[in-house]
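Chains G and C, in that order, are what the protein sequence lines are.
Using this note's numbering, the letters of the first sequence correspond one by one to residues 48 to 589.
Using this note's numbering, the letters of the second sequence correspond one by one to residues 37 to 252.
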Amino acid sequence: MNALFLIGRNITLLLALLAFPHEAKSAGGTVVTVNGPAVTITVRINLCCLHDAVERNILQPLALVEIARAQAMWNDGLAKFQARSCYDINIIFDIRILSRSSREAAPPWEDGYHRLVIDFDQPGTSNVFDPESGDPNEDTISAYRLQLNGTWYFSSMTPRTWAHEIGHLLGLGDDYYHRDSMRRMNAGARPYTPLPGRSGTLMGDGDAVDQNLADRLADLMIQAGLLSPCAQWEGRIEVSNVFAGRTLAMDVHGRHNWRGNYRMKFRELPTTRSVSDASGRQFALNAFVPVEMSYAIQADHHHDYDHKWGDVILRGQATGKLTGRALKDALIGSVLRFEAAAPARDSAPPAPPGSFASWREFQDFMGAFHTAPRPGCYQLSIAFGGRGQPPNELRALYNGIDRSGSSPIHPGPDADFLRVMPSHMPDGTNVLGCLETPEQRDVKGEHTYPYADPGPLNSTEQISIKWSFVRTLCRDAVTCWPASDNASAPSNSDDGQTSGPPSGEATSDPVAGAAIVAPAATPPNVPTPNAPRGGGSGFLRP
Amino acid sequence: MTPQHRVTTTHVLRRLRSSGINAAIVAIWAATGGTALAQTKNLPERAIVEFSFADLKKSYHLLNQAGFEQRAALRNAALTRLNDTDARVRYAAIYALAITADAKAGANALAGVLGSGSTDERLLAAGALAGIGDKRGFPALIDALDDRTQLEYRLPPTLALHFAKSQLLWFTTQDFGLKSATSDEQIANTKAAWQQWWQKARFSLHRDPKIRKYVE
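In structure tokens, the structure reads:
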């Protein structure tokens with residue numbers, strides 16, 4: 048009997064479904080677009096419905112004015128805060144007021160929009176209902192996953208009420224105690240009074256947007272998988288270039304020992320860009336936004352050209368700090384973002400070996416790194432000559448290192464200095480590695496390899512690159528960096544290159560900051576490190 | 037499969053009934069143990085008697101939904117509960133009537149609530165009357181312009197004078213400084229002017245259907 052009942056029931060339900068198509072699966076009514084630190088939340092709302100000319104011509108414009116004011120309340124407030132110290136959030140209310148021929152007709156709801164019934168005359172309590180929330184004080188991501196329902200009664204709404212109700216469509220819970228909630232009873236608070244610290248704020252009892260609301264919006268988007276937690280990287284890269292020997296190419300013998308020590312801080316931010324590997328597989332890209340970098344480059348360099356052209360001596364230490372455009376050009380990078388569905392570790396590439404027997408081997412590693420990447424792989428490049436600056440500007444970065452010796456001097460002393468600079472000081476410095484988990488905190492690694500002299504003896508400079516960073520995720524209530532580190536500080540100049548005291552701006556443009564030159568040997572969309580550039584091999588060429 | 041075809045259970049049943057597909061109704065009834073139809077039928081009544089502070093948002097959602105989908109049924113249910121001794125149920129009934137009444141049905145019942153000792157009930161009835169073209173609610177709204185009582189049932193938290201302000205500005209073409217009044221004191225300061233206006237306009241005031249606002 049039971050079996051017959053179940054069969055009959057299933058057939059009946061099936062027939063009912065065929066006759067009345069069920070709702071298609073769709074995304075939530077609140078959508079997010081991310082472009083570096085710029086995050087736009089678009090709240091897509093269907094309002095049902097307009098029924099006559101008065102509602103269309105008189106009441107609708109009034110309502111739209113109120114909604115525009117509510118949007119301004121959010122955006123004016125959010126403009127004062129960076130969410131989780133990373134994101135600049137802007138909100139768009141995408142309102143579509145629907146029309147229907149009669150009040151009996153089915154509402155012409157649009158897919159992808161929240162569904163709000165409107166009433167122009169009655170003093171009801173406006174409400175957005177979240178079926179997944181059991182606690183009105185909790186933030187939820189339902190608005191980003193579902194099309195929520197509700198009712199808005201225009202006659203009893205104010206811009207604050209509009210802004211508050213739309214706050215629910217951003218996922219925010221109420222910041223006031225509900226009358227019969229356990230939370231209120233446990234706190235011994237009066238009903239409808241604001242939660243601790245929430246007095247005067249928009250989801251509480253006022254109209255202010257504060258840091259708390261901005262941070263909670265970022266948290267919701269991160270929780271919904273629509274925004275990556277930004278991370279701060281802070282640490283150092285140490286590079287050495289050592290040569291001792293002889294090359295017949297220029298009949299040079301001698302030695303050099305250069306060391307570069309770079310301390311840096313930068314932020315990792317999501318972009319809407321992606322890259323593809325050789326097989327066309329797409330990887331979402333996080334960009335690095337440089338915050339600061341200081342450097343110390345030590346030179347101990349004596350090359351002798353067997354009396355033909357005399358010798359070249361470079362000694363001393365250059366120190367400086369890069370800011371502004373110079374920083375943006377000198378420190379670039381990216382990381383392939385871990386997607387929610389992606390495993391922490393994919394098949395390729397293997398963990399990089401620390402040591403490479405030949406320059407070719409290192410080149411092969413770099414090639415494999417870019418043709419078969421996996422989520423979590425990162426790269427960093429340091430270069431001083433990224434903008435093609437004139438020689439005097441570049442030379443200024445090495446103040447403290449003196450050029451002497453009897454070799455022929457280039458007609459321009461600055462060009463002469465740059466010509467004898469060894470590789471990787473710093474141009475050509477590339478760091479390639481992979482995070483194992485999205486939450487990874489300690490990031491370190493090492494590359495050592497011989498950098499080939501172009502001469503026939505293939506004598507080499509020995510390159511060693513070591514890096515060590517602390518990577519701090521900023522998705523919790525963690526303040527990753529103080530306000531003084533603000534990477535979006537106002538710009539005073541666009542050419543802040545300097546050695547010595549910091550000046551000018553820092554960049555907040557991660558997309559531009561992540562601009563990467565792709566050599567022809569690799570797929571065009573894959574981030575590729577800079578080839579060594581600038582001073583060359585360090586061996587004087589006539 | 038256009039969005040227009042997406043319908044709720046209520047719409048399904050309504051369509052079936054209007055199409056005379058009784059067999060399908062019986063089949064659904066049998067398949068669901070009759071609960072779907074019964075629940076649909078009882079939604080207005082349930083929305084009123086189950087109104088609860090424990091989940092006020094859900095309570096309002098059910099009432100608002102019933103008001104949208106079963107307007108007449110909710111109004112009828114409200115009229116039978118207007119004098120309920122349970123203040124919570126009585127408020128829900130007044131609320132249900134407030135969102136479903138029209139000039140022909142419910143106006144006098146709402147007018148009867150204007151004498152309530154509850155600020156929530158009184159203002160809700162006053163606003164509802166204004167919304168259906170009945171000017172009897174204006175004195176209560178004007179009187180509340182200096183009333184800082186926290187309304188017990190409104191979400192988000194609303195003071196009586198703020199509710200009165202929004203209603204008066206929405207339904208009339210008058211201002212008397214109320215629109216730009218931001219503090220409670222500024223709102224209260226407009227009360228005398230509104231009272232004078234009411235005394236002057238109470239007889240000639242009527243709702244202009246072309247703009248759905250009250251004019252003299």
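Glycine included, each C-beta is placed from N, C-alpha and C at the ideal position.
Going by the C-beta, is residue i closer than 6 Å to any heavy atom of the ligand NAP?
i	result
Val382(G)	The ligand NAP is absent from the structure shown, which contains no ligand whatsoever.
Could you work out which residues of chain G lie near residue i, taking near to mean beta carbons separated by less than 9 Å?
i	result
Ser202(C)	Pro170, Ser202, Ser203, Met204, Thr205, Thr208
Does any residue of chain C bring its CB to less than 7 Å from the CB of residue i?
i	result
His633(G)	Beyond the ends of chain G as shown, which are 48 and 589, falls residue 633(G); an answer cannot be given.
Asn174(G)	yes
Arg320(G)	no
Arg226(G)	yes
Tyr160(G)	no
His211(G)	yes
Thr198(G)	yes
Tyr342(G)	no
Asp222(G)	no
How would you list, in chain order, the residues of chain G whose beta-carbon sits under 8 Å from the beta-carbon of residue i?
i	result
Ile247(C)	Val101, Ile105
Gly163(C)	Gln169, Pro170, Ser202, Ser203
Leu160(C)	Pro170
Does DSSP put residue i in a helix, in a strand, or in coil?
i	result
Ala237(C)	helix
Pro460(G)	helix
Asn100(C)	helix
Gly83(G)	coil
Trp280(G)	strand
Gly148(C)	helix
Val517(G)	strand
Trp199(G)	strand
Lys491(G)	strand
His211(G)	helix
Ile563(G)	With a pLDDT of 21 at Ile563(G), under the threshold of 50, the predicted position of this residue should be treated as unreliable, though the coordinate-derived value follows. Ile563(G) falls in the coil class under three-state DSSP.
Trp305(G)	strand
Arg226(G)	coil
In angstroms, rounded to a whole number, what distance separates the CA positions of residue i and residue j?
i	j	result
Arg182(C)	Asp211(C)	What sits at residue 182(C) in the sequence shown is Asp, not Arg. Those two C-alpha atoms are separated by around 16 Å.
Leu214(C)	Ser202(C)	9 Å
Gly169(C)	Leu520(G)	58 Å
Pro183(G)	Ser88(C)	14 Å
Arg103(G)	Arg162(G)	18 Å
Pro458(G)	Leu482(G)	47 Å
Met268(G)	Ala190(G)	10 Å
Gly83(G)	Ala265(G)	13 Å
Trp156(G)	Gly76(G)	12 Å
Ala141(C)	Ala200(C)	24 Å
Trp514(G)	Lys368(G)	18 Å
Gly475(G)	Asp347(G)	19 Å
Arg126(C)	Arg117(C)	6 Å
Trp234(C)	Ala110(G)	26 Å
Glu281(G)	Ala419(G)	27 Å
Ala129(C)	Asp120(C)	8 Å
Ser453(G)	Arg518(G)	47 Å
Does the beta carbon of residue i come closer than 7 Å to any beta carbon on chain G?
i	result
Ile135(C)	yes
Val62(C)	Because Val62(C) carries a pLDDT of 45, less than 50, the predicted location of this residue cannot be relied on, and no value is offered for it.
His242(C)	no
Val251(C)	no
Phe104(C)	yes
Tyr96(C)	yes
Ala74(C)	Confidence at Ala74(C) is low in this model, with a pLDDT of 49, below 50, so its placement is unreliable and no value can be given for it.
Mind pulling the chain C residues with CB within less than 9 Å of residue i?
i	result
Phe167(G)	Gly167, Trp206, Arg248
Gly183(G)	What sits at residue 183(G) in the sequence shown is Pro, not Gly. Residues of chain C passing the Cβ test: Asp91, Leu92, Lys93, Leu191.
Val164(G)	Asn100, Gln101, Gly103, Phe104
Residues of chain C with CB closer than 7 Å to the CB of residue i, please, in chain order.
i	result
His494(G)	Here the premise fails: no neighbours, minimum Cβ distance about 56 Å.
Thr248(G)	Those do not exist, as Thr248(G) stays about 11 Å from chain C at its closest Cβ, beyond 7 Å.
Could you work out which residues of chain G lie near residue i, taking near to mean beta carbons separated by less than 7 Å?
i	result
Gln186(C)	Tyr239
Phe199(C)	Ser203
Name the chain C residues that come within less than 8 Å of residue i, Cβ to Cβ?
i	result
Asp252(G)	Pro192, Pro193
Segments of 4+ residues assigned as alpha helix (DSSP H) that fall wholly inside the region 165–194 of chain C:
174–179
4 or more residues per run - each alpha helix (DSSP H) lying fully within the region 143–193 of chain G
189–192
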